[in-house]
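A.B. asks:
Protein chains: 2
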Amino acid sequence: MALEHLFQGSALNAVDAKGRVSVPAFLRSVIERRGDARSIVLAKHDAFPALSAYDPAYAALRHSKLERLLEKEETNPDAEVEYQRRNMMAFAATEETPYDSSGRIVLPPMMRRKGGIEDLALFLGTGETFQIWNPKLFLADARIPEDMKDIARFRLEERGLGA
Amino acid sequence: MALEHLFQGSALNAVDAKGRVSVPAFLRSVIERRGDARSIVLAKHDAFPALSAYDPAYAALRHSKLERLLEKEETNPDAEVEYQRRNMMAFAATEETPYDSSGRIVLPPMMRRKGGIEDLALFLGTGETFQIWNPKLFLADARIPEDMKDIARFRLEERGLGA
DNA sequence: AACTATGACATGAAAACCCATTGTATCCCC
DNA sequence: GGGGATACAATGGGTTTTCATGTCATAGTT
Chain A
1 MALEHLFQGS ALNAVDAKGR VSVPAFLRSV IERRGDARSI VLAKHDAFPA
51 LSAYDPAYAA LRHSKLERLL EKEETNPDAE VEYQRRNMMA FAATEETPYD
101 SSGRIVLPPM MRRKGGIEDL ALFLGTGETF QIWNPKLFLA DARIPEDMKD
151 IARFRLEERG LGA
Chain B
1001 MALEHLFQGS ALNAVDAKGR VSVPAFLRSV IERRGDARSI VLAKHDAFPA
1051 LSAYDPAYAA LRHSKLERLL EKEETNPDAE VEYQRRNMMA FAATEETPYD
1101 SSGRIVLPPM MRRKGGIEDL ALFLGTGETF QIWNPKLFLA DARIPEDMKD
1151 IARFRLEERG LGA
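Protein sequence lines, in the order shown, are assigned to chains A and B. For the first sequence, position 48 matches number 48 in the numbering used here, and the numbering has no gaps at all. For the second sequence, position 17 matches number 1017 in the numbering used here, and the numbering has no gaps at all.
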C-alpha cells in the first residue's frame, strides 16, 4: 500500500458550543483526493490521549488488507475471536462524521470524551492519518518532543493564547 | 471480495414491549447502499452470545463464495457434507426481517432468545456485518476488550442508565 | 369479541443544513 | 511596491429535517 496523498501540517481551531470544529482545509483536500467522501472517521488513538482520524477510503483499505492476511490462517479457533476483536476495535469503536459545506464536523460526545477535547482542537498531520489533540494534554505529555510542543505553543500564541 | 460500504459505529436502542427496535440510521444507510433491500438477515453469532446481522445482498455474496469453494475441492468426499452443513447454517438458521418506514424491525422470538436480547439492544458495526448484543451480556463477556466495554458503558450513560 | 400482529401517525430531541460575518491571504492593476 | 478588490477559511447563529420511540388504528385470528 503506497498512499499517494499524505496528511501533513498543523492547525489549532476552536470547538464551538455545539461541539463543532472546522477541519483545516489542507487536511480536507487530502481526504477528497484520496476518495470522494466528505466525511472523516474518528477513533481513540491507541497510544495517546487524543483522537486518530482518517478518511473512509483509508478505513476500507485497512480492512481489505487484514482480510487477505487472515485467509491464510483461518483454521485456528482462537483466531476467530481475535479477528472479531480487531473488527470491533476497527469499526465499532469508531465514528464516521460528515463535514458540512463549510468544512466543519461535530465531534461526537463519545469522541470528545475519549480524546479529552475541550474548546480547542490541535490538528496534526501524520502521514496516512492525522491526530486531533486537546493542546493542553499535548503540552503535558512527557512523550512528546519539545520541538513538537513548540509548534503547539506557536499555534496558541497566534490566537493570543500564549502562556 | 472488496466491499465498498462497511458497517461502523455503535448505538444503544430500546426494544419495546412488542419486540420492536429501531435499526440505527447509519447502519440502514449502508444496507441500502449495498443493495436496494429494506430488510436485514439475522443469525446467531458463532463465537458470541449475540446476533450477527447483515443485508440480503451480503448473504447472496457469501453463498456464491461457498459454492466456488466447493467446486475447487470436489474430489474430497467430506467436502459435500461440509458444504451442506454450512449451507444449512447460512440459510435455515437465519431469519430475514424487513424494517418498516421508520426503520424498525421486529426481533423474531427465536432470535431474541438465541441472542439473549431483553429490553436494550446494543448495535456494533464490524465491517462486513454488524452485531446486536444484550449490553448486559456484552459487559459480562471476558473476551471483550475493556476499551470496547467502555463504549457500551458510555452508551448506557447517555440514556441515564449508568451503573 | 378479545387478542395479536403490523402499519401509520405524533412528538421531542438532536443532527444536518443554510446563510451571514469576519479575518486573512492572494491577486491584479496602477 | 502600494492599495484595493477578491477569494477562501474559520466561525457564529438560526432553521429545517431526521431519528428514535411512544401511541393509536387497522386487519386478521382464534
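Positions of the beta carbon are idealized from the N, C-alpha and C atoms, including for glycine.
1. Ignore the nearest five residues each way along the sequence and tell me which others in A1011 (chain B)'s own chain have a CB closer than 6 Å to its CB.
2. Please confirm if T129 (chain A) has its CB atom under 8 Å from at least one CB of chain B.
3. Is the number of C-beta pairs between the stretch 1080-1096 of chain B and the stretch 50-68 of chain A that are closer than 8 Å three or more?
4. Assuming the contact rule is C-beta atoms closer than 8 Å, G1125 (chain B) and F1007 (chain B) should be a hit. Round their C-beta distance to whole Å, please.
5. Who are E1095 (chain B)'s beta bridge partners in DSSP?
6. If I'm right that N1013 (chain B) touches A1121 (chain B) with Cβ under 8 Å, what's the distance once you round it to whole angstroms?
7. Determine the DSSP secondary structure at Q165 (chain A), reduced to helix, strand or coil.
8. From I40 (chain A) to E1158 (chain B), what distance separates their C-alpha atoms?
9. How would you list, in chain order, the residues of chain A whose beta-carbon sits under 8 Å from the beta-carbon of D1147 (chain B)?
10. Give me whichever residues DSSP pairs with V21 (chain A) in a beta bridge.
11. In the DSSP assignment, what residue or residues form a beta bridge with G1127 (chain B)?
12. Hey, would you say the C-beta of R1155 (chain B) is under 7 Å away from at least one heavy atom of the ligand ADP?
13. With a cut-off of 8 Å, does the C-beta of S1052 (chain B) fall near any C-beta of chain A?
14. Let me see if you follow: with CB-CB separation under 8 Å, is G1009 (chain B) close to chain A or not?
15. Suppose you measure from the CA of E1218 (chain B) to the CA of H1045 (chain B); what does that come to, to the nearest Å?
16. Give me whichever residues DSSP pairs with V1030 (chain B) in a beta bridge.
17. Output needed for K1114 (chain B): all residues of its chain with C-beta closer than 8 Å, excluding positions within five of it in sequence on either side, in chain order.
18. Cβ of V81 (chain A) less than 8 Å from any chain B Cβ?
19. Around the Cβ of M88 (chain A), are there at least 16 other Cβ atoms within 10 angstroms (buried) or fewer (exposed)?
20. Quick one, which of B:G1103, B:D1016, B:L1156, B:I1031 has its alpha-carbon nearest M110 (chain A)'s?
21. Counting only Cβ pairs nearer than 7 Å, list the residues of chain A close to R1143 (chain B).
22. I'd like to know if L1006 (chain B) contacts chain A, where contact means its C-beta is closer than 8 Å to some C-beta of that chain.
23. For P135 (chain A), I'd like the list of residues in its chain whose CB is within less than 7 Å of its CB, leaving aside the five on either flank, ordered along the chain.
24. If you follow the alpha helix (DSSP H) that L66 (chain A) is part of, which residue opens it and which one closes it?
25. If we define contact as Cβ-Cβ less than 8 Å, is F1154 (chain B) a contact residue for chain A?
26. Under 6 Å Cβ to Cβ from Y1083 (chain B), same chain only, skipping five residues before and after it: list those, please.
27. For a test of the three-state rule: what should DSSP assign to A1053 (chain B), helix, strand or coil?
28. Using a C-beta to C-beta distance shorter than 7 Å, which residues of chain A count as neighbours of L1124 (chain B)?
C.D. replies: Walking through what the data contain:
1. Closer than 6 Å at the Cβ level, and outside the excluded window around A1011 (chain B), lie P1024, F1123.
2. no
3. no
4. That belief holds up - the Cβ atoms of G1125 (chain B) and F1007 (chain B) are roughly 4 Å apart, short of 8 Å.
5. B:L1042
6. 5 Å
7. Residue 165 (chain A) is absent from the model: chain A starts at 1 and stops at 163.
8. 23 Å
9. K44, M89, A93
10. A:I105
11. B:F1007
12. This structure lacks the ligand ADP; in fact it carries no ligand of any kind.
13. no
14. Interface residue, yes.
15. Outside the modelled stretch of chain B, which goes from 1001 to 1163, sits residue 1218 (chain B), for which no answer is possible.
16. Beta-bridge pairing links V1030 (chain B) to no other residue.
17. Closer than 8 Å at Cβ, skipping near neighbours: K1044, L1051.
18. yes
19. buried
20. Cα-wise, what sits closest to M110 (chain A) is B:L1156.
21. V81
22. yes
23. L12, L120, L122, A152, L156
24. 56-71
25. It does: the Cβ of F1154 (chain B) has a partner Cβ on chain A nearer than 8 Å.
26. L1070
27. strand
28. The answer, in chain order, is M88, A92.
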